[in-house]
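Protein chains in written order, with the working numbering: chain V, 17 to 209; chain U, 17 to 209. We treat Cβ as the ideally placed atom computed from N, Cα and C, and that holds for glycine. Here the structure is a predicted model, which means the values were calculated and not measured. Have a look at the structure below, then the notes.
Number of protein chains: 2
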Amino acid sequence: MIEVFKNYIRERSSVSEDELTQVESVCQIKKVRRRQYLLQEGDVWKYNAFVTKGCLRTYTIDEKGNDHIINFAVENWWTGDRESLASGQPSMYNIDALEDSEVVLITKTNFDKLCEEIPAFNTMVNAILQKSFIVAQNRIYTFISLSAEEKYIKFLEKYPHLAKRVPQSMIASYLGITAETLSRIRKQTARKL
Amino acid sequence: MIEVFKNYIRERSSVSEDELTQVESVCQIKKVRRRQYLLQEGDVWKYNAFVTKGCLRTYTIDEKGNDHIINFAVENWWTGDRESLASGQPSMYNIDALEDSEVVLITKTNFDKLCEEIPAFNTMVNAILQKSFIVAQNRIYTFISLSAEEKYIKFLEKYPHLAKRVPQSMIASYLGITAETLSRIRKQTARKL
DNA sequence: CGATTCTTTGAAAACAGTCAATCTGTGTGG
DNA sequence: CCACACAGATTGACTGTTTTCAAAGAATCG
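Here it is in structure tokens:
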């Protein structure tokens with residue numbers, strides 16, 4: 017499964033095969049079974065994590081027991097908690113697997129070293145960070161501008177594969193609405209077609 | 017006013033005074049009067065922009081004519097449209113000044129060159145990007161998890177200075193609620209104290 | 001002071017959330 | 001292969017929140 021990660025790097029950087037070997041040497045493969053945690057609230061997150069197989073979610077649980085999904089991550093996506101990683105503070109998020117999954121872990125120390133020693137790797141990482149920010153900002157835009165129905169339609173357009181893979185109730189959580197509301201929206205939307 | 021920018025760099029990086037001069041040499045100062053645009057929807061954004069004085073907002077206008085504020089930027093904050101800058105595509109955002117302001121502009125080309133030639137500058141830029149992402153993610157969290165009142169209270173805690181500086185109706189827009197709703201929330205919240 | 005901008009208020013309507021019950025599909029063990 | 005359990009989705013009735021539209025009331029600025 018590490019090949020998935022290596023191909024990812026090959027596709028979006030000019031990291032050489034020798035350097036790729038160096039990257040691989042600090043990779044740690046972790047299998048995460050369905051429902052198993054990769055990170056639990058209160059723990060400090062210490063890695064950069066790349067998903068090579070499966071699907072995970074990052075979420076919080078509020079006082080009422082409702083969970084709120086911040087992010088999904090499938091193959092070729094990154095996951096983890098950048099905030100906890102950067103600050104060294106306990107994470108406010110949980111990450112668990114929705115399917116049996118496999119993740120490549122690189123410790124912060126090793127990761128920073130790779131960035132220092134392999135300029136092409138550093139460039140790629142910055143490009144990814146940049147893109148993550150843009151994606152986050154677009155999501156903010158949907159929250160302040162769109163109705164529940166519009167958000168759902170946009171989600172379907174943007175992540176059609178995820179919509180098929182993840183329970184509806186979790187999509188609702190990701191969109192910031194209840195499962196019941198999403199169910200009603202779907203009924204309405206279907207009528208329109 | 018460029019001193020504001022230089023102090024900002026001094027405080028969060030180890031860029032030398034010589035290098036600072038190099039940075040300064042590619043800086044372009046732009047005064048933006050209240051209500052004047054720094055960027056208009058449809059234009060391509062080509063700079064990195066740092067605010068040395070005043071206050072600006074980034075927003076979109078929907079079909080109904082409602083505006084939705086994505087971001088505020090005051091002294092020592094960055095502004096602009098990273099998405100348009102990265103992609104070269106026309107921006108979907110407007111940026112205008114809420115007060116008479118002053119902004120330092122660095123073209124993408126020059127900025128990239130600074131990042132290449134001054135490692136400490138590059139490191140600082142990455143740290144800022146990282147932080148921007150974390151801030152964006154926290155904002156997403158507030159949208160999916162909090163009620164209108166909670167979002168407002170959190171905003172007050174996080175940006176007390178902004179709350180005094182910016183019209184309420186714009187804070188409402190930033191929070192994704194109407195000005196009327198915010199007014200009612202304030203009345204309620206005041207009663208509680 | 002007059003003009004403009006911003007905030008507040010009221011009443012009605014639209015929207016989304018809650019709770020409880022039912023329905024559907026899937027997989028497991030007997 | 002069936003019966004059952006379980007998780008997820010749907011539905012209904014009700015409640016609560018937020019928006020909308022229109023009007024009136026502050027506040028600010030030249």
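Endpoints, beta strand (DSSP E) assigned at residue i
i, result
"C71(V)", "71-77"
"V48(V)", "44-48"
Neighbouring residues, chain V, relative to residue i (Cβ below 8 Å)
i, result
"L145(U)", "N142, L145, Q146, F149"
Where the alpha helix (DSSP H) containing residue i begins and where it ends
i, result
"D116(V)", "No alpha helix (DSSP H) contains D116(V), which DSSP labels as neither H nor E."
"L55(V)", "Per DSSP, L55(V) belongs to no alpha helix (DSSP H); it is in the beta strand (DSSP E), 53-55."
"S163(U)", "Where S163(U) is concerned, there is no enclosing alpha helix (DSSP H), given that its DSSP letter is neither H nor E."
"T37(U)", "33-41"
"M17(U)", "Premise fails: M17(U) is in no alpha helix (DSSP H) and is neither H nor E."
"M108(V)", "First-last for M108(V): undefined, no H or E at that position."
"Y190(U)", "184-191"
Residue i vs residue j beta-carbon contact at 8 Å
i, j, result
"F137(U)", "V20(U)", "no"
"R26(U)", "E115(U)", "no"
"Y175(U)", "I85(U)", "no"
"L54(U)", "A113(U)", "yes"
"S117(U)", "V67(U)", "yes"
"H178(U)", "V90(U)", "The sequence given here places Leu at residue 178(U); His does not occur at that position. Yes, the pair counts as a contact, with Cβ atoms nearer than the cut-off."
"L145(U)", "V39(U)", "no"
"I77(U)", "C43(U)", "no"
"M108(U)", "E57(U)", "yes"
"T158(U)", "I111(U)", "no"
"N92(V)", "Y24(V)", "yes"
"V81(U)", "I160(V)", "First, the amino acid is wrong: residue 81(U) is Gly here, not Val. Taking 8 Å as the Cβ cut-off, G81(U) and I160(V) do not qualify as a contacting pair."
"A152(U)", "I156(V)", "yes"
"I201(V)", "A164(V)", "yes"
"S15(U)", "F149(V)", "Outside the displayed span of chain U (17 to 209) sits residue 15(U), for which this structure offers no information."
"W94(U)", "N64(U)", "yes"
"I134(V)", "E35(V)", "yes"
"K15(U)", "K124(U)", "Residue 15(U) falls outside the range modelled here, since chain U spans only 17 to 209, and no answer is possible."
Residues that residue i bridges to, as DSSP identifies them
i, result
"F66(U)", "W94(U), V120(U)"
"L145(V)", "L145(V) is not bridged to any residue."
"H84(V)", "T76(V)"
"A89(V)", "L72(V)"
Residue i: contacting residues in chain U (beta-carbon distance under 7 Å)
i, result
"S218(V)", "No answer is possible for residue 218(V): the residues shown for chain V start at 17 and end at 209."
"G81(V)", "None at all; the shortest Cβ gap to chain U is about 13 Å."
Residue i: contacting residues in chain U (beta-carbon distance under 8 Å)
i, result
"E99(V)", "I150, Q153, N154"
"A164(V)", "Simply none; closest approach about 12 Å."
"A179(V)", "Those do not exist, as A179(V) stays about 17 Å from chain U at its closest Cβ, beyond 8 Å."
Within chain V, partners of residue i - CB distance below 7 Å
i, result
"G192(U)", "F159, I160"
Residues that residue i contacts on chain V, provided the C-beta gap is smaller than 9 Å
i, result
"A195(U)", "By Cβ distance, chain V contributes nothing, its closest Cβ being about 14 Å from A195(U), past 9 Å."
"A102(U)", "A143, Q146, K147, I150"
Cβ-heavy atom distance, residue i to the ligand PLP, below 7 Å
i, result
"I134(V)", "This structure lacks the ligand PLP, and indeed carries no ligand of any kind."
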